[in-house]
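Here the sequence shown is numbered in the UniProt record's numbering, starting from 1 and rising by one per residue. As structure tokens, the structure follows; a few thoughts come after it.
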Amino acid sequence: MSAFDEDLFLKGLEQRKATLGADYVEQNLAAADDFTRPFQEAMTAWCWGFGWGDDVIEPKTRSMMNLAMIGALGKMHEWETHCRGALNNGVSPEEIRAIIHVVGIYCGVPQALECFRVARKVLDDR
């Protein structure tokens with residue numbers, strides 16, 4: 001990595017750990033191999049360092065945006081991860097419910113039901 005990329009990676013690593021939990025992030029990085037490590041590093045730098053690395057939008061709001069977008073895409077494994085992260089960033093269960101309502105309105109009831117199913121699992125695990 002170049003010095004710029006390393007700085008962005010380190011900034012992203014800090015934000016990623018703050019949102020998703022240090023154990024989760026460290027397990028993902030430790031599980032990376034020669035095939036997946038470049039993506040893990042790039043994603044940490046780009047998504048978490050560049051995308052989350054400024055102070056323009058608070059982490060709570062970014063988490064809420066992510067839940068809406070990932071829910072719309074139907075990527076439920078990632079939605080579960082970001083649902084946990086959203087709670088870490090101060091998103092309340094009531095706010096998660098309201099986000100799911102919007103997903104249902106714009107993406108359909110079946111997708112909202114999937115979000116509720118996963119959210120219930122996340123909330124029950126707390």
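Beta carbons: idealized from backbone N, C-alpha and C, even for Gly. Predicted, not measured: the structure shown is a model, and the values here were computed from it.
Beta-carbon separation (whole angstroms), residue i vs residue j, contact threshold 8 Å
i: residue 11; j: residue 53; result: 5 Å
i: residue 99; j: residue 68; result: 5 Å
i: residue 82; j: residue 66; result: 5 Å
i: residue 122; j: residue 94; result: The Cβ separation is near 14 Å, so there is no contact.
First and last residue of the uninterrupted alpha helix (DSSP H) at residue i
i: residue 56; result: Note, residue 56: premise wrong, no alpha helix (DSSP H); not H, not E.
i: residue 116; result: 109-125
i: residue 23; result: 22-31
i: residue 79; result: 76-88
i: residue 129; result: A query on residue 129 cannot be resolved here, the shown segment of the chain reaching from 1 to 126 and no further.
Closest Cα partner of residue i within the set the options
i: residue 115; options: 39, 27, 97 and 89; result: 97
i: residue 9; options: 31, 23, 37 and 108; result: 37
i: residue 6; options: 43, 26 and 21; result: 43
i: residue 46; options: 119, 121, 15 and 28; result: 15
Rounded C-alpha distance that separates residue i from residue j
i: residue 125; j: residue 84; result: 10 Å
i: residue 30; j: residue 39; result: 13 Å
i: residue 64; j: residue 91; result: 7 Å
i: residue 86; j: residue 33; result: 28 Å
i: residue 59; j: residue 48; result: 11 Å
i: residue 20; j: residue 27; result: 11 Å
i: residue 1; j: residue 113; result: Because residue 1 carries a pLDDT of 49, less than 50, the predicted location of this residue cannot be relied on, and the following value inherits that uncertainty. Their backbone Cα atoms lie some 42 Å apart in a straight line.
Contact set for residue i: own chain, Cβ-Cβ below 8 Å, skip 5 residues either direction
i: residue 111; result: 71, 72, 74, 103 and 104
Chain B within 7 Å of residue i, Cβ atoms only
i: residue 95; result: Looking at the structure shown, chain B is missing, and only one protein chain is on hand.
Same chain, Cβ closer than 7 Å to residue i, neighbours up to 5 away in sequence not counted
i: residue 62; result: 52
Near the ligand MN: residue i beta-carbon under 6 Å from a heavy atom
i: residue 11; result: Inclusion of the ligand MN in the displayed structure is not the case, the ligand content being empty and no account of it being possible.
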